[in-house]
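Quick note on the UniProt record's numbering: the sequence shown kicks off at 1 and runs consecutively.
Where is the CB? At the ideal position from N, CA and C, for every residue including glycine.
Remarks on the structure that follows.
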Amino acid sequence: MNALNQKRSTLRSAFTRSDNNLEVLLAATQLNASDTEINYEQISERIKQLRECDTKLLELLQKENCTSDESEKEYTTCENYEDKFIALKIKAKNVLARDAKNGTDFPHYTDTASKCKLYQIHLSTFNGNPREWLNFWSRFQKIHEEASIDDRDKYQYLI
Numbered sequence: 001m002n003a004l005n006q007k008r009s010t011l012r013s014a015f016t017r018s019d020n021n022l023e024v025l026l027a028a029t030q031l032n033a034s035d036t037e038i039n040y041e042q043i044s045e046r047i048k049q050l051r052e053c054d055t056k057l058l059e060l061l062q063k064e065n066c067t068s069d070e071s072e073k074e075y076t077t078c079e080n081y082e083d084k085f086i087a088l089k090i091k092a093k094n095v096l097a098r099d100a101k102n103g104t105d106f107p108h109y110t111d112t113a114s115k116c117k118l119y120q121i122h123l124s125t126f127n128g129n130p131r132e133w134l135n136f137w138s139r140f141q142k143i144h145e146e147a148s149i150d151d152r153d154k155y156q157y158l159i
């Protein structure tokens, strides 16, 4: 039981360190999504290990017929760590989702539209004549698959 208590103490310390690291990352003005995800995964692994250790320890306490106050105290402490993890999990997911939606996840990316004047392409409309289908489809496909044309410009061509 002492070895199990010592292991749990070590796991709780590691969990608290990870908890503090993740809190600092979430409070930062410049959020680094990959660091946040890494720390979130680390804290998830630590809570799994802590749950296993807590379960074993609570089972041992029941077998040793400890008082209800002792078992309640242990259970409450375990629940506090679970509550901390759940709160961090929700915070991390909300922050990552918000930043992914805002595009702050990729600070190196800039949306630059093409500044060159594009030549006018006349895309004929398909009127149902099977003889004109191949001509229409080849032009449509050429514009659609061209990587150098911006999506907004493709849209203008294809409408």
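Exercise for the section: For my contact list, LYS7 and CYS53 are in at a C-beta cut-off of 8 Å; report their separation, rounded to the angstrom. Expected result: Approximately 6 Å separates the beta-carbon atoms of LYS7 and CYS53; this is inside 8 Å, confirming the contact.
Problem - Inter-residue Cα distance where the pair is ILE149 and PHE136 - result: Distance between the alpha carbons of ILE149 and PHE136: 19 Å.
Handout entry: Selection from THR36, GLU37, ALA147 and ALA14 that minimises the alpha carbon distance to LYS48
Key = LYS48 has its Cα closest to that of ALA14, out of THR36, GLU37, ALA147 and ALA14.
Problem - Span of the alpha helix (DSSP H) around ALA33 - result: Start and end: 33–63.
Practice task
Assuming ILE43 contacts ASP19 (C-beta within less than 8 Å), just tell me the rounded distance between them.
Solution key: About 6 Å separates the beta carbon of ILE43 from that of ASP19, a gap short enough to meet the 8 Å contact definition.
Practice task
Answer with buried or exposed for ARG46, where buried requires no fewer than 16 other C-beta atoms within 10 angstroms of its C-beta.
Solution key: Its Cβ being crowded by 16 or more others within 10 Å, ARG46 is buried.
Exercise for the section: Return the chain-ordered list of same chain residues with a C-beta closer than 8 Å to the C-beta of LYS154, the five sequence neighbours on each side being excluded. Expected result: Close CB contacts of LYS154 within its chain, under the 8 Å cut and outside five residues either way in sequence, are with ILE143, HIS144 and GLU146 (chain order).
Handout entry: Under 9 Å between C-beta atoms of ALA33 and ALA87
Key = Going by C-beta atoms, ALA33 is not nearer than 9 Å to ALA87.
Exercise for the section: Could you check if THR36 is buried or exposed, using at least 16 other CB atoms within 10 Å of its CB as the buried criterion? Expected result: By the neighbour-count criterion, in which 16 or more other beta carbons inside 10 Å mark a residue as buried, THR36 falls on the buried side.
Exercise for the section: Determine the extent of the alpha helix (DSSP H) in which residue 160 is found, giving its start and end residues. Expected result: Residue numbering for the chain in the displayed model covers 1 to 159; residue 160 lies beyond these limits and cannot be assessed.
Exercise for the section: Tell me whether ILE90 sits in a helix, a strand or coil according to DSSP, three-state version. Expected result: The answer is helix: DSSP assigns ILE90 an H, G or I state.
Exercise for the section: Identify, in the order they occur along the chain, each residue of the same chain with its Cβ nearer than 8 Å to the Cβ of TYR75, setting aside the five sequence neighbours on each side. Expected result: Within its own chain, the residues whose Cβ lies closer than 8 Å to the Cβ of TYR75, once the five positions on either side in sequence are excluded, are LEU58, listed in chain order.
Exercise for the section: Put ASP150 into one of helix, strand or coil per three-state DSSP. Expected result: Assigned with DSSP and collapsed to three states, ASP150 falls in coil, not helix or strand.
Problem - Distance cut-off 8 Å: GLN30 Cβ against heavy atoms of the ligand HEM - result: Judged by which ligands are present, the structure shown has none, so any question about the ligand HEM falls away.
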